Amino acid sequence: MKRRKPKAVRRAPQADKEPSPQAQLALTLEAWFAARDLTLTDDDTAEVYDLTLELVQTMLGSFAAGQRLDEAVAAELAGAITDMRNAPDRL
Numbered sequence: 002m003k004r005r006k007p008k009a010v011r012r013a014p015q016a017d018k019e020p021s022p023q024a025q026l027a028l029t030l031e032a033w034f035a036a037r038d039l040t041l042t043d044d045d046t047a048e049v050y051d052l053t054l055e056l057v058q059t060m061l062g063s064f065a066a067g068q069r070l071d072e073a074v075a076a077e078l079a080g081a082i083t084d085m086r087n088a089p090d091r092l
C-alpha cells in the first residue's frame, strides 16, 4: 500500500503585531470619513480628498518659496501630506 503524503497545513494569515505608521494613518483618516458616512475607498471621495491635499501642498510650497516657512518644516509637512495622499491606496 502506498503511503499518502500529509496535506499541507494551511494557516490563517497572521496580522502584523502593529500596523505601520502609514497604515495606521490610513485607518485613522478612514475613521474620520466613516464618522461622516463617507469612505476613502469611494473613487469620487478619494479624488476630492486628493485634490484638497494637493491644494494644501501647493499653499505650503508657496509659503516655503516665499521664505515664510522654514525649509526643514516645509519638508516635514510635505512628507506628512504625501503620506495622507497615499492613504486611500492603503485601505
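Count the sequence shown with this note's numbering and you get residues 2 to 92, in order. Just so it is clear, CB atoms sit at the ideal spot from N, CA and C, and this is done for glycine as well. No experiment lies behind these values; they were computed from the predicted model shown.
Would you tell me roughly how many angstroms separate the C-alpha atoms of residue i and residue j, rounded to the nearest one?
i	j	result
Ala47	Leu28	14 Å
Ala75	Gln58	9 Å
Gly80	Asp38	28 Å
Ala88	Asp45	15 Å
Asp71	Leu92	33 Å
Ala65	Glu19	35 Å
Phe34	Pro22	18 Å
Give the C-beta separation of residue i and residue j to the nearest angstrom, bearing in mind that I take them to be a contact with Cβ-Cβ under 8 Å.
i	j	result
Met78	Leu61	A quick correction: the sequence has Leu, not Met, at residue 78. Contact flag correct, Cβ pair sits at about 6 Å.
Met85	Leu54	6 Å
So is residue i buried or exposed if we call it buried at 16+ other beta carbons inside 10 Å?
i	result
Ala32	exposed
Practice item. Mind listing, in chain order, the continuous alpha helix (DSSP H) runs of no fewer than 4 residues lying wholly within the segment 44-87? Key: 44-66, 72-87
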